[in-house]
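Asker:
Numbering (my numbering), first residue to last: 178 to 513.
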């Protein structure tokens, strides 16, 4: 079973000490925003374990900071599921919805905006609290890249031209996996900001790309059965099989080796960070912010993803909805 595929992650497992409280209340926000309206949808959502994911991504967060992380994780997967069906195969419909949601980055939404857009607007408003204009602009750019990736995926499905190159697929999935907006929230949850000159450095850029690639590989392995049941062809396992003529087992082994190699590089890059800090003459406070980001953002998004993927009910075989049906229980994205 893909969830049991082993990856050696050289970081310790961590989870917020406030996890149990957050889990007990994790359905309150999506219910209040109209994102979950039925018992069936609530039960399905609970199986995903999104409070667990947030508590692993933001292991030092507690209280309202952790709640924001939980709500973001809930929103991510409610949004993503809206494209498991006809909408996700129609670039125009996909763009209509992603544009409706992205409008929240520019100001208040009209009351007619779909529920999923209002949910994002609430998360974005809370995310921006206490953060600088420069940070908000950077995070907004990351969100726009994330939304545009959904349109690229829809074009591929619409044209019935699945990716036949792992390199091309990686370039697209680095946007839709959502790692950068997720790691951005680590700064907000820690009430700190990485100095822009460090964020723009080649070392941190490479570390973030490794974190992104590791997440999408873990996700493609865990979701293999779910996506196979829906007839999805754009999964790294299937792409490697098509590109190289490999068996499924060899493709998975190649992905395991890829994660191992990337994380070896990650550790080497980490060792370069003190030199980066010295080069940019960071103050003690700036160094502390950068180290919080490394530990409670970049590292935790790698290790947390691995731990969560192995236990989340979202990737159990019986979670998948057959390809003949839309992949969600409630319509949250109508732009009519």
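For every residue, glycine included, the Cβ atom is placed at its ideal position computed from N, Cα and C.
May I have the straight-line CA-CA distance separating residue 460 from residue 366, to the nearest angstrom?
Answerer: The alpha-carbon atoms of residue 460 and residue 366 are separated by roughly 21 Å.
Asker: In whole angstroms, what is the alpha-carbon distance linking residue 296 and residue 222?
Answerer: 15 Å
Asker: Quick check on residue 287: does DSSP put it in helix, strand or coil?
Answerer: coil
Asker: Which of the three DSSP states, helix, strand or coil, is assigned to residue 368?
Answerer: coil
Asker: Exposed or buried, which one is residue 382 when buried takes at least 16 other CB atoms within 10 Å?
Answerer: Burial call: exposed.
Asker: Spatial neighbours of residue 354 within its chain, please: CB distance less than 7 Å, with the 5 preceding and 5 following residues excluded, ordered by chain position.
Answerer: 389, 392, 393, 396
Asker: Looking only at its own chain, which residues have a Cβ that is under 6 Å from the Cβ of residue 196, when we skip the five neighbours before and after it?
Answerer: Within the same chain, residue 196 has close Cβ partners 232.
Asker: Go ahead and pull the three-state DSSP assignment for residue 191.
Answerer: Three-state result, residue 191: coil.
Asker: In the structure shown, what three-state DSSP assignment does residue 459 receive?
Answerer: coil
Asker: Put residue 509 into one of helix, strand or coil per three-state DSSP.
Answerer: coil
Asker: Taking only three categories from DSSP, how would you classify residue 409?
Answerer: coil
Asker: Is any beta-carbon of chain D found at less than 8 Å from that of residue 345?
Answerer: As a matter of chain content, chain D is missing from the structure shown, which is built from one protein chain.
Asker: Would you tell me roughly how many angstroms separate the C-alpha atoms of residue 183 and residue 428, rounded to the nearest one?
Answerer: 14 Å
Asker: Return the chain-ordered ranges of every alpha helix (DSSP H) run that is complete within the segment 240-314 and spans a minimum of 4 residues.
Answerer: 240-258, 268-279, 292-305
Asker: May I ask which residues mark the beginning and end of the alpha helix (DSSP H) holding residue 238?
Answerer: Element bounds for residue 238: n/a, residue is neither H nor E.
Asker: Assuming residue 265 contacts residue 271 (C-beta within less than 8 Å), just tell me the rounded distance between them.
Answerer: About 6 Å; that satisfies the 8 Å criterion.
Asker: Can you give me the Cβ contacts of residue 187 inside the same chain, cut-off strictly under 8 Å, excluding the 5 residues immediately before and after it?
Answerer: The answer, listed in chain order, is 440, 444.
Asker: Helix, strand or coil, according to DSSP, for residue 423 in the structure here?
Answerer: For residue 423, the three-state secondary structure derived from DSSP is coil.
Asker: Give the straight-line distance between the Cα atoms of residue 501 and residue 407, rounded to the nearest whole angstrom.
Answerer: Model confidence at residue 501 stands at a pLDDT of 46, short of 50, so the residue's coordinates are unreliable; what they give is reported in the following sentence. Computed Cα separation, rounded: 8 Å.
Asker: Judging by CA-CA distance, which residue of 476, 209, 342 is the nearest neighbour of residue 300?
Answerer: 209
Asker: Beta-carbon within less than 7 Å of residue 371's beta-carbon, same chain only, minus the 5 sequence neighbours each way: which residues are those?
Answerer: 364, 466, 467, 470
Asker: Contact defined as beta carbons within less than 8 Å: I believe residue 387 pairs with residue 340. What is the distance between those atoms, to the nearest angstrom?
Answerer: Residue 387 to residue 340, Cβ: 21 Å. No contact.
Asker: For residue 434, name the three-state secondary structure that DSSP assigns.
Answerer: helix
Asker: Would you mind reading off the limits of the alpha helix (DSSP H) that contains residue 382?
Answerer: 379-399 is the extent of the alpha helix (DSSP H) around residue 382.
Asker: Under 8 Å between the Cβ atoms of residue 234 and residue 438?
Answerer: no
Asker: Using a threshold of 8 Å, state whether the C-beta atoms of residue 226 and residue 489 are closer than that.
Answerer: yes
Asker: Does the Cβ-Cβ distance between residue 294 and residue 282 come in under 8 Å?
Answerer: No.
Asker: Of the choices 292, 205, 314, 442, whose alpha-carbon is the least far from that of residue 509?
Answerer: 292
Asker: DSSP three-state label for residue 210, please.
Answerer: coil
Asker: List the endpoints of the continuous alpha helix (DSSP H) containing residue 479.
Answerer: For residue 479, the uninterrupted alpha helix (DSSP H) run begins and ends at 477-488, by DSSP.
Asker: Name the two residues that bound the continuous alpha helix (DSSP H) containing residue 219.
Answerer: 216-224
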